[in-house]
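So that you can map any letter, position 53 of the sequence shown is 175 in this note's numbering, and since no number is skipped, the others follow by simple counting.
Each residue gets a CB set at the ideal place from its N, CA and C atoms; glycine is no exception.
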Amino acid sequence: MSHNPDTIDISKVVEADRKNVWHHLSQHKGLETNDPMVIVRGEGMRVYDANGKEHLDAVSGAVWTVNVGYGRERIAKAVYDQLVKMNYFAQTAGNVPAAIYAEMLIDKMPGMSRVYYSNSGSEANEKAYKIVRQISHNKYNGKKHKILYRERDYHGTTITALSSTGQFERKAQYGPFTPGFVEFPHCCEYRSQFGDVTDYGVRAAKEMERVILEEGPDTVGAVVLEPITAGGGVITPPEGYWETIQEICKKYEILLHIDEVVCGLGRTGKWFGYQHYGIKPDMVTMAKGVASGYAAISCTVTTEEVFNAFKEDPSDRMSYFRDISTFGGCTAGPVAAIENMKIIEEENLLENVNVVGDHLMDRLNGLKDKYEMIGDVRGKGLFAGFELVKDRETKEPVDESVSMAIAADCMKQGVIIGRTNRSFEKYNNTIALSPALIATKADIDQIVDAIDVAMANLTK
Ligand SMILES: Cc1ncc(COP(=O)(O)O)c(C=O)c1O
123 MSHNPDTIDI SKVVEADRKN VWHHLSQHKG LETNDPMVIV RGEGMRVYDA NGKEHLDAVS
183 GAVWTVNVGY GRERIAKAVY DQLVKMNYFA QTAGNVPAAI YAEMLIDKMP GMSRVYYSNS
243 GSEANEKAYK IVRQISHNKY NGKKHKILYR ERDYHGTTIT ALSSTGQFER KAQYGPFTPG
303 FVEFPHCCEY RSQFGDVTDY GVRAAKEMER VILEEGPDTV GAVVLEPITA GGGVITPPEG
363 YWETIQEICK KYEILLHIDE VVCGLGRTGK WFGYQHYGIK PDMVTMAKGV ASGYAAISCT
423 VTTEEVFNAF KEDPSDRMSY FRDISTFGGC TAGPVAAIEN MKIIEEENLL ENVNVVGDHL
483 MDRLNGLKDK YEMIGDVRGK GLFAGFELVK DRETKEPVDE SVSMAIAADC MKQGVIIGRT
543 NRSFEKYNNT IALSPALIAT KADIDQIVDA IDVAMANLTK
């Protein structure tokens, strides 16, 4: 079958998909009688399916990835030029775009200094975990090896990334998990574990300290946290939270690893989510928006201090970072990332995220005034979510089928929205939005109007 986009027989493609492709996060039984959705083309904020239907994409490729939007010829051309010149050599050696992008990236991350390339968010996190484990072996006789993670955060799909993920349903049936990962409670103030308190942020952060003390501070090497929890329900940190987390990490010499796989590269209106909160991380991981999905790339970025721990003793043949990611040597990733970053700068997209993001929050709060079912609206920049509840007083979450119905109705109207999806037993009740950083106020209006219609239809 031809795969030339201009001459392709799309019905044959749909049939081939139905017969041979195993889709992600999908129950396939329904696809025996319905056509799978096949996306054929994208332009700006919009994608077009095999039937020619236009969809406004409010979630940047379904999973907050295509930050600069679809159809960016300059990225495709830069990747083409690079690939015909030099497509791949293992990162044991340097290559031109990897060096240039590392310098550009570090320029945006004061305090950080080294970039380790691989090709997915899960893998970037695994590298950070290996760094923690090896430092523990080299400096602390293997004792300070535990890694703490937070309830409701997600850090990836591999068994160890799942071992550090605080979402029960995402993990269920995939154990046993990697030892040495320990969970501490979430920081979602709307779901306060301490009742109605004025210092929720500090109290929630102190839960981390409680777990450190229970485990023994000399056994804990690092903590991994999303700056704003994404797939776990778009949870913005409460006031005082990050300052306290930073203090606790310092007090017990625990490395602070920030997972910027979703928030990184502009999503929240700064280059990185952690930069809103004055955090000084030891390691930062990123993937999705780094090249907006034009190529696979992820980065594990560290301070010079973390990096130096691996070259202190060259006479020890085992002490350097003995890790490789084959596709971390692909040049397509960093060259796409260079163009991606230039686009964000040249088109002032961080500013756009702040301006249009405010409009998004205003519109969602307007919906909250209209529908009792919306219990809480959260977000930052072009990253927002709202919780659906049966009753505002009891805050009892709606069944997952309700958020599914809203998403399905929006899809019929030509707007693709997101939702928490088989993550928790109870809290699959959050609608999530993460439009591309190029979104206009009119795009936001179209998205929120579609949700408005879908919610009105629920009660018909
Ligand atoms: C916060 C966070 N970290 C890590 C990952 C894993 O990234 P990947 O799917 O590229 O492995 C994700 C994916 O959704 C994520 O949301």
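Given residue i as reference, the closest of the options once Cα atoms are compared
i: Cys385; options: Thr280, Gly501 and Glu305; result: Gly501
i: Leu472; options: Asn550, Thr390 and Glu434; result: Thr390
i: Glu337; options: Ser182, Leu270 and Asp531; result: Leu270
i: Asn126; options: Val143, Glu137 and Val162; result: Val162
i: Asp513; options: Asp521, Gly497 and Ala506; result: Gly497
i: Asp157; options: His145, Lys230 and Ala431; result: His145
i: Asp567; options: Met159, Gly166 and Ala180; result: Ala180
i: Lys517; options: Tyr312, Ser437, Val478 and Ala250; result: Tyr312
i: Val304; options: Pro339, Ala431 and Asp321; result: Pro339
i: Ile132; options: Ser258, Ala172, Pro519 and Tyr363; result: Ala172
i: Ile257; options: Glu427, Ile466, Leu486 and Val511; result: Glu427
i: Arg272; options: Ala564, Leu377, Phe443 and Thr287; result: Thr287
i: Pro219; options: Asp435, Ser148 and Pro456; result: Pro456
Residue i, DSSP secondary structure in three states
i: Gly233; result: coil
i: Pro456; result: helix
i: Tyr442; result: coil
i: Met408; result: strand
i: Val423; result: strand
i: Ile538; result: strand
i: Thr552; result: strand
i: Ala558; result: coil
i: Phe429; result: helix
i: Met577; result: helix
i: Gly123; result: What sits at residue 123 in the sequence shown is Met, not Gly. Met123 falls in the coil class under three-state DSSP.
i: Tyr202; result: helix
i: Gly451; result: helix
Anticipated Cβ contact below 8 Å, residue i with residue j, distance rounded
i: Leu504; j: Ala561; result: 6 Å
i: Thr351; j: Asp275; result: 5 Å
i: Gly317; j: Pro360; result: Actually they are not in contact, since the Cβ atoms of Gly317 and Pro360 sit about 14 Å apart, beyond 8 Å.
i: Gly395; j: Glu382; result: 6 Å
i: Asn579; j: Asp531; result: 6 Å
i: Val319; j: Met330; result: 17 Å between Cβ atoms; not a contact.
i: Ser441; j: Asn260; result: 6 Å
i: Ala327; j: Tyr296; result: Contact doesn't hold; Cβ gap of about 29 Å is too wide.
i: Met208; j: Asn217; result: 6 Å
i: Ala409; j: Gly183; result: Rounded, the Cβ-Cβ distance is 13 Å, inconsistent with contact.
i: Val537; j: His177; result: 7 Å
Residue i CB to nearest heavy atom of ligand 2 below 6 Å
i: Ser242; result: Only ligand 1 can be found as ligands here, which leaves ligand 2 out of the picture.
Checklist entry - What runs of the beta strand (DSSP E), each 3 residues or longer, lie entirely inside the region 326 to 403? => result 342 to 347 and 377 to 381
Next on the checklist: My parser needs the beta strand (DSSP E) runs of 3 or more residues fully inside the region 205 to 250; what are they?
Outcome noted: 236 to 240
Checklist entry - Does the region 525 to 534 touch the region 547 to 563, meaning 3 or more C-beta pairs lie closer than 8 Å? => result yes
Next on the checklist: Could you tell me which whole alpha helix (DSSP H) segments of length 4 or greater appear in the region 460 to 531?
Outcome noted: 471 to 492
Checklist entry - Which ranges would you report for the alpha helix (DSSP H) in the region 258 to 336 if only whole runs of at least 4 residues count? => result 281 to 285 and 290 to 293
Checklist entry - Three or more beta-carbon pairs under 8 Å between the region 448 to 463 and the region 267 to 286, yes or no? => result no
Checklist entry - Given 8 Å as the limit, is there contact between the region 263 to 272 and the region 470 to 487, that is, 3 or more CB pairs closer than that? => result no
Next on the checklist: List, from N- to C-terminal side, the beta strand (DSSP E) runs of 3 residues or more that fit wholly inside the region 126 to 197.
Outcome noted: 161 to 165, 168 to 171 and 176 to 179
Next on the checklist: Quick test of the definition: if touching needs 3 or more C-beta pairs under 8 Å, does the region 180 to 198 touch the region 418 to 437?
Outcome noted: no
Checklist entry - Just checking, does the region 236 to 252 make contact with the region 439 to 456 on the three C-beta pairs under 8 Å criterion? => result yes
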